[in-house]
Amino acid sequence: MDFLLDFILHIDQYMIDIVQEYHMWAYAILFLLIVAIIVVSILPAVVEVLRARLKQRKQK
């Protein structure tokens, strides 16, 4: 838990290390992390909308 808090508070220092070690792969890793966060935050709402539409179709 302490590492996670330290990582969040000092992300700039960790990003320098990540970019120096992984070079161009660092951009791919960051892209995947950002996309994953967006998908995980939106996915539950999409599932609920689809579930409501399916329930509405069954009632007709």
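Mapping the sequence shown onto our numbering, position 6 (from 1) lands on 134, and the numbers just tick up by one. Backbone N, C-alpha and C fix where the C-beta goes; we use that ideal spot for every residue, glycine too.
Look at residue i and residue j and say whether their C-beta atoms are less than 8 Å apart.
i: ILE146; j: ALA154; result: yes
i: TYR142; j: PHE135; result: yes
How would you write the range of the alpha helix (DSSP H) that residue i sits in, first residue to last?
i: LYS183; result: 153 to 187
i: MET143; result: 139 to 150
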